[in-house]
Structures are given as C-alpha cells and as structure tokens.
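Before any comments, here is the structure.
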Amino acid sequence: MTNATPRPLRLDALAYGGDYNPDQWPEEVWHEDVRLMREAGVNLVSLPVFSWPQLEVSPGEYDWAWLDRVIEVLWAGGIRIDLATATATPPAWLVRSHPEMLPWDADGRRLEFGSRQAYCPSSPVWREHVARMARAMAERYGEHPAVVLWHVSNEYGDHVARCWCPESAAHFRRWLEEHYRDLDGLNEAWGVNVWGQRYTAWEQVEPPRRATGPVNPTQLLDFERFSSDALLELFRIEVDVLRDVTPDLPVTTNFMSLFRELDYWRFAEIEDLVTDDAYPDPADPHAHVPAALNYGLMRSLKGGRPWLLLEQAASAVSWRAVNVPKAPGRMRVDSLQAIAHGSDGAMFFQWRQARYGQEKFHSAMLGHRGEQSRTFRETAAFGRELQRLAAVKGARVRSRVALVVDWDSWWGSSATESLPSQRLGWLAQARAWHGALHALGHAVDAVRASGPFDGYDLVLVPNLYVTDDAQAAALEAFAASGGTVVVGPFSGVVDPTEKVHPGGAPGPLRGLLGVEVDEPWPVPDGAAEQVELAGDRIDAPVWTEWVEVADEASVVARYATGVLAGRPAVTRRAHGAGGGWYVSAVLADEGLVAIMRRVLDDAGLPARARIDRDLEAVTRADAETDYTFVLNHGAHEIVVDVPEDAEDLLGGGDRTTGRLVLAPLGVVVLATPRAAEPPFITLSETTD
Ligand code: GLA
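If you number the sequence shown the way this note's numbering does, the last residue is 1179 and the count never jumps.
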C-alpha cells in the first residue's frame, strides 16, 4: 500500500507553531495562548499528543468537552490543527488491566509504567485499543475545518523500538515464517551449522535475548528488520482507520532524523507528508552539518516533495546531560536551514513551557517568563519574518548529488559484534562523506541503493555492507549511463542473509568497481595509516583494506604506510562517460575533502576552492524562480560571491551587488530567475 499521490497539507502559508498541551493549563490560559500565537504568526499547532488518559478517563468513558472547547478557541483564532490520535502513550487503566502489553528488554525485564510509550509494538491489546482510539478521534473531529493533518502516535521507537516479550517472540516467529516459509528455509538463511544452532520446531526460535556469547548475526539482523516492521504495522493500523473515516486528510507521523531503529523509506511510503523532529545540539558548533544530511533524507523520503520540521527547540532541550541554550539568532538560522532544505515551515516542541513534569526545563516558544521571555521575543519576531518567505512554499531543492541510506547495511554492520572492527560506524561514515560534500558546497539528497538515480550526477555509497544483485545492477546502470558512483569501505560484503558473497567483497559491485578486496585491514585504536594522493599524505585511521585491481580500474591513491604500503587505496573504473570509484579506507576529514574534490571534477560538478564549513547554500526552485538560501552558521563574518541583482527576500527587497557580507548567524534568501544550473555560492576571493 504505497501512497503514490499524497494528500496535500491545506495551509496557505509556511507552517509555524508547535506542540500545544492545553490540558496542562487552566482554560483562561488558552485564550491568552491564542492571542500570543497570533502575535507570533502561529498558524498550526499539534495536539493532543499525550492526552489519551484525559480523553478516555476510564474504559469507554470519554471526556471530549475540554478538547471540543480548545479546538473552538483555536479555530476562532484562525489557528489550524495537526491533530494527534493521542495514542503516543497508554492510560494507566489500560496498562493495569493488561500488564502483558508492557514491553520487555533483552534481559527479560518488564519495563514499568511511569514515563511514556509504555507498550509492546506487537501487543494485540494495544493494537486493538489504538485502532479504537484513532477511530474515536477521527469520528469526533475529522470533519472539523480546523483539522488539516493527522499526527499518528509520536516518534515511534523513541523509547521502545525493540521488545523481547513473549508476544514479540511469537510475532517474530510469524514474521520469520512468512519470510522463510519453513524451518529449512530459516536454518539455511541463518547459517545454523555454525556454533550448532539448528532449529527443529518453531517454538525453539526466540528473539535475540542476552545469550552466553555473540549471537547469530542473521538472527540479529532479522530482529532489526522485524522490529522496524512491527512498528510499521502499528502505524499502518492507525493509517487505515484514518483513511477509512477521513479519506481526504493527510497523515503523518513525526520522524527522528537519521534514526537507526526504523526504516523510514518504508514508513514514508504510507504517509502523505514527511515530518521530522530535529534537535541539533547548540553546544556543537558543527551540528548544522549532520542536520543538513538529516534534512536531505527528509525531503528525499517522498521523492523531493516538501516536508515539515514538526519539532525543534526554541532554545535548550532537557534530555542531554548538559542542555545548552541557543544563542540569540541560532533558532532563526536553524529554522531557516530546515526551510532551505525543503521544509514548508518550522515548528517547535513546544508552544508554552511546562511548569511541571519531565519537560519543565525544556525551552518553548513561550518561556516561563511568558511574553517577556527571550524565546517568545525571538520566535514571535521570526514568525512575522517568515511571512516574507511565502513564495518558497512548495518549491523543491535542487541537488545533483545523492547519498545512499540503507537500513539493512546500517543494522547489519552494527547489530553484531563479530566484525573485522567495531569502529567503522555506518552513521559516522555517512556523516563524514556528507560532510565533505557540504564543505565543497553541495546540498545532498538521500536515495535508496536500488535507486532511482534520475537527475543526479553523483551517487555516494559510504557503506553498503549488505548488497543484493538488484542494487549492484542499478548502481552499475547509473554509471554506464554517465553517472559517477563512489563506494566506501566494507561494501558489497554480504547478501541479505549475511552470507559473504562468493569471492568476497565487493561481491556484486565488482563489475562497477573493477577491484577485489583480499582482506579488510582495520587499524588499531590510537594508530593511523596513511594514503598518498598526488604527493599529499592523508590520514587513514580506523579502517584500511588489501585491495587488488581486478578489472580495468585505475589507481587514484595508494597506501603509503604499514603492510599495505604501495597497494591501491582509492580506485576508479571508467564506464563510458561515467565511473565507479572505490575508497577502501576510512579517511580523515581533510583527506576525504581532497578525494571528493576529484570526484566532483570527474562528475562535472563544481566545488568550492576555499572551504568554510559554516557556510551553507541551498537552492529551492519552482518553475520560474531559484530561491537560494545562503546561511552563515558560525560566529564570524563570511563574504561570498552571489549572483548580481539578486533580490534578498528576507532583506525586504535589498539588492546585492555580487559580493555579500553575511553577519554571524546571518541568512539571505536570494530570488533569481530559474537557471539551467542553480547558483553555486563560493567564498569571495575579493579581500578588500
Ligand atoms: C521529542 C518528543 C516531544 C518532546 C521532545 C523534547 O521530540 O516528540 O514530545 O519530548 O522530544 O525534545
């Protein structure tokens, strides 16, 4: 059930607002809330995310009255609603009458009530009640004109993404039976002859609990797949109910950026709008770089359509060990970054800062000091400013580079401890490769390993540990049609059942890359080998490989130290106008930038000559206009060259002269007639 024609979010402006929890406040506060929301340009709020216990006070006994009134107050104030199905957390009465619905950890301990998400994703009781509650919400409010979006559950898997209870075990067995049909299939897939794990009855099969030693890796990988699917099934139950009652309303569930536990490609298939919760750490001066990768994924999950940043913090969060507030201007640049990357708005957790409970120290648009709080002054000013960007709504990001995000490879290379090295890190690799492209001036989309790759010149594959023939064929076809593919270390290693491909890595990618890996050669902690690229030395901490050129690949860089000295480190195999690169080592950032500079040149794409990682430029475009966001994420001025006579939408019609000084945390949005190539923004060489 893929959702080919998503239902649109009917909002006539960029979305602005936040989670709203009126059930934490007396009714008179609601009126003040709406007055201040209007002052701040708020047009959308999410509610009632955690309110099931306040709505169904005992089994079958509903108290809708307060929510009826809240919705009327918001509607009267012109505020639209992203209506939650209120199924993010169960009421105590449900848990206490069905304690078997509570999740278990890998040690077999039951997790208690007292926080949120206190449910096993496979629990039939929970599933039945969730469907009932979603229907009750849809039947009561689905026709209300204020409701423009369904918000299903909340951050699936945030606290409980994996469950080891008996119900999950039974569900896991059913899932395995569907995939492998019979025990012979399972035994073959799991390679049970190693360490004597043959199963002779389904009842013997369990989820991978804590065991005597390293657990069967295919069992671990299948449990990751199953657990993601179990939450997907839960999501689908609500989606089906909502589509039945309100077929025209769009549906979303809020994602958590690049979240390991759930395969978001599959979740996005069944929703109408991708929404994301993003909390870049203000204490990290480079947090905007991984944020850009997260946003690249969000826009790509539905083929480049706009998505929506549904939650971010106005200032500090309250769930890190140290929660640093956002400096003045940081919230604005963070919000504009998400919009630059295709978000049709910027929303917050939450509207009004709580006075009690787990999140009372989490910032909000309206802080504890109310109208006097800095967060209110800043978010209100930004809400008004945002109206200048109305034209950007619906415009799509222009990117020529895509990075493969593959959950199977992420899980496979991290679920087991039985690896050449536990230091490779799928996410670290993806971030490092993306970081190099960011430094060189490119916004990067995400893509599945099987494509489609239309519209891209360059596809990056930082790691594809699990590779099947169809993925390899798709990547090779892209190279044969003139595209450039770059594959990173420890790719093409195993098939989907985690069996090493015949002949070893890169398995089915051999035709694309023209190399064979004799052995991975991980680098011990604290050591670093080196690679030589055109006379320069590049550090290779963490990982190297013994590579043999097998088939018409040319050597771009060689190892310079250690046992591998003189052997190929980076190679390129030509495919007509295209090419397949293999980077066999984990390279330090500067070295990766040097390699990617060559890759971009090979792909016919521009690269910044000088690098400032605080500079980011992203172009969204509609049929007539390129909107180029130029952002300075840093605390120093940045001078860039920009197209002459570009109109800065945020500057109220100021016209620039080709050279632009961006203040610390400064942003411009340049509108220019849509060109064949979007403007490529570089640091100015003029030094006066
Ligand atoms: C998540 C949740 C919210 C809130 C925020 C706090 O995004 O969805 O309910 O807890 O974290 O940062």
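In this text, a Cβ means the ideal position worked out from N, Cα and C, and glycines have one as well.
Cross-strand partners of residue i (DSSP beta bridge)
i            : result
residue 803  : DSSP, once it has assigned bridges, lists no residue as partnering residue 803.
residue 1159 : 1121
residue 1107 : 1122
residue 572  : 536, 638
residue 1150 : 1132
residue 1139 : 1161
residue 549  : 552
residue 861  : 858
residue 670  : For residue 670, which the question treats as bridged, DSSP gives no partner whatsoever.
residue 1071 : 976, 1064
residue 1112 : 887, 1117
Where residue i sits in the DSSP three-state scheme
i            : result
residue 684  : coil
residue 1002 : helix
residue 1122 : strand
residue 834  : strand
residue 1094 : coil
residue 892  : strand
residue 843  : strand
residue 1144 : Only weak support is given to the placement of residue 1144: the predicted model assigns it a pLDDT of 46, under 50, and the value that follows is read from those uncertain coordinates. Residue 1144: coil per DSSP, three-state reduction.
residue 779  : helix
residue 503  : coil
residue 510  : strand
residue 1076 : coil
residue 1174 : strand
residue 578  : coil
residue 887  : strand
residue 496  : coil
Contacts around residue i, its chain only, beta-carbon distance under 6 angstroms, and the 5 residues preceding and following it disregarded
i           : result
residue 514 : 542, 545
residue 497 : 763
residue 988 : 680, 709
residue 711 : 699, 906, 907
residue 853 : 808, 809
residue 851 : 845
residue 676 : none
residue 696 : 664, 690
Rounded straight-line distance, which links the Cα of residue j to that of residue i
i            : j            : result
residue 981  : residue 994  : 14 angstroms
residue 1173 : residue 1078 : 25 angstroms
residue 550  : residue 650  : 25 angstroms
residue 866  : residue 794  : 34 angstroms
residue 1089 : residue 860  : 53 angstroms
residue 1049 : residue 610  : 53 angstroms
residue 503  : residue 890  : 26 angstroms
residue 826  : residue 589  : 42 angstroms
residue 1119 : residue 770  : 24 angstroms
residue 1105 : residue 1155 : 10 angstroms
residue 1001 : residue 1027 : 28 angstroms
residue 538  : residue 577  : 8 angstroms
residue 937  : residue 1110 : 16 angstroms
residue 1125 : residue 1037 : 40 angstroms
residue 892  : residue 505  : 26 angstroms
residue 1101 : residue 1029 : 18 angstroms
residue 1095 : residue 953  : 20 angstroms
residue 790  : residue 833  : 6 angstroms
residue 1151 : residue 819  : 22 angstroms
residue 665  : residue 780  : 41 angstroms
residue 1144 : residue 1138 : Only weak support is given to the placement of residue 1144: the predicted model assigns it a pLDDT of 46, under 50, and the question is left unresolved by the model.
residue 778  : residue 821  : 11 angstroms
residue 868  : residue 626  : 39 angstroms
residue 813  : residue 671  : 47 angstroms
residue 842  : residue 1022 : 51 angstroms
residue 1161 : residue 1031 : 40 angstroms
Sequence-distant residues of its chain with Cβ nearer than 7 angstroms to residue i (five each side left out)
i            : result
residue 1234 : Residue 1234 lies beyond the residue range present for the chain, which begins at 492 and ends at 1179; the question has no answer from this structure.
residue 754  : 719, 898
residue 1068 : 973
Nonlocal neighbours in the same chain, by C-beta distance under 8 angstroms from residue i, ignoring five residues either side
i           : result
residue 885 : 797, 835, 1113
residue 815 : 772, 773, 774, 807
residue 639 : 500, 501, 502, 535, 571, 572, 573, 740, 741
residue 910 : 904
residue 986 : 957, 958, 959, 992, 998
Check: residue i C-beta below 7 angstroms from any heavy atom of the ligand ZN
i           : result
residue 867 : The ligand ZN is not among the ligands present in this structure, which contains only the ligand GLA.
- Query: What are the complete alpha helix (DSSP H) segments, minimum 4 residues, inside the segment 696 to 774?
  - Reply: If we require 4 residues or more, the alpha helix (DSSP H) runs fully inside the segment 696 to 774 come out as 708 to 736, 755 to 761.
- Please specify which runs of the beta strand (DSSP E), each continuous and at least 3 residues long, are wholly inside the segment 976 to 1064, giving them in chain order. Counting whole runs of 3 or more residues, the segment 976 to 1064 contains the beta strand (DSSP E) stretches 1006 to 1011, 1020 to 1024, 1027 to 1031, 1036 to 1040, 1044 to 1050.
- Item | Complete runs of the beta strand (DSSP E) confined to the segment 592 to 661 [at least 3 residues] | List check, beta strand (DSSP E) in window: 638 to 642.
- Taking the runs of the beta strand (DSSP E) that are 3 residues or longer, which of them lie wholly in the segment 936 to 978? Every beta strand (DSSP E) stretch that sits fully inside the segment 936 to 978 and reaches 3 residues is listed by chain position as 949 to 952, 975 to 978.
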